[in-house]
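Data first, discussion second: the structure below is written as structure tokens.
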């Protein structure tokens, strides 16, 4: 019998002499180098159901959750996502929480384009091309209150000109800016100028159609104008969409078997 074998026998005897360590959680002492092996894969069926269903569809998420016996759903309205746990149990009879479903809404391509335009400064040609690319979602309004088609809007953007004038001004508007004490740069697109771009799209699948008003401003710090777009009241619109997400989800879940809570849950 070699020294290694003798050492292992001594370790087993020592562990047996100590017995149960006295913890509330089931534990036992084992010699270093031993490992616990699972035989579950050799059984006819798993010991318990495990798995995660992931989707970006509210309808499919609700269908999967409603097919389960019981579910606890946690909704994160800030991130537009939800998670459902089907074997969480409770404090008296806790479960492993290994069967779950995840829902994460994805921005549609038009909504992503609208958000990317927010706060961006475009060149004339660049903005005209952007309007033409998304013409199905766009309608314009001029400073005179006239409705502009996407084609009219793009043409008006292309015709913007910068003119220098020698007059003192203290005004900083959407279409003019003071350059020095005596000189000012003014932008003109003829008799009328674009004021608002209305962008209508479905922000997320399963939510309602929305219109975003983008205020058009011009930056006249150079000989070539830059046009800046800003979504008016964006934070308020996003709060409305988050509330709609929660309401739509709640309306599609069975209240008898599903408990819906706002927030997140992390299982340690």
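In the working numbering, the protein residues as written are 1173 to 1440. Note that CB positions come from ideal geometry on N, CA and C, so glycine has one too.
Continuous alpha helix (DSSP H) stretch holding residue 1314: start and end
No alpha helix (DSSP H) holds residue 1314; the beta strand (DSSP E) holding it covers 1310 to 1314.
In three-state terms, what does DSSP make of residue 1422?
Three-state result, residue 1422: helix.
Between the Cα of residue 1274 and the Cα atoms of 1438, 1253 and 1435, which residue gives the shortest distance?
If we check each option's Cα against that of residue 1274, 1253 comes out closest.
Unbroken stretches of the alpha helix (DSSP H), 4 residues or longer, contained in the segment 1279 to 1324
For the segment 1279 to 1324, whole alpha helix (DSSP H) runs of length 4 or above, ordered along the chain, are 1281 to 1289 and 1296 to 1305.
DSSP state of residue 1408 mapped onto helix, strand, coil:
Residue state, collapsed to three classes: helix.
What span of residues does the beta strand (DSSP E) with residue 1385 cover, start to end?
From DSSP, the beta strand (DSSP E) with residue 1385 extends over 1382 to 1391.
Buried or exposed for residue 1404, going by 16 or more other Cβ atoms inside 10 Å?
An exposed status is given to residue 1404, since fewer than 16 other beta-carbon atoms sit within 10 Å of its beta-carbon.
Residue(s) in a DSSP beta bridge with residue 1179
DSSP output for residue 1179 lists no bridge partner at all.
Label residue 1381 either buried or exposed according to how many other C-beta atoms from any shown protein chain fall within 10 Å of its C-beta, with 16 as the threshold for buried.
The residue is exposed, with fewer than 16 neighbouring Cβ atoms inside 10 Å.
Alpha carbon to alpha carbon, how far is residue 1258 from residue 1320? Give it in angstroms, no decimals.
Linking residue 1320 to residue 1258 through their CA atoms gives a straight-line distance of about 52 Å.
Residue 1230: first and last residue of the uninterrupted alpha helix (DSSP H) it sits in
Per DSSP, residue 1230 belongs to the alpha helix (DSSP H) from 1230 to 1238.
Collapsed DSSP secondary structure at residue 1329 in the structure displayed
Residue 1329: helix per DSSP, three-state reduction.
In terms of residue numbering, what span does the beta strand (DSSP E) encompassing residue 1212 cover?
For residue 1212, no beta strand (DSSP E) encloses it, and the DSSP letter there is neither H nor E.
Separation of residue 1421 from residue 1224, as counted between CA atoms:
For the pair residue 1224 and residue 1421, the Cα-to-Cα distance works out to about 19 Å.
Under 8 Å, with one C-beta from each stretch per pair, do the segment 1261 to 1273 and the segment 1368 to 1388 reach the 3-pair mark?
Touching, no, given that fewer than three Cβ pairs across the two stretches are closer than 8 Å.
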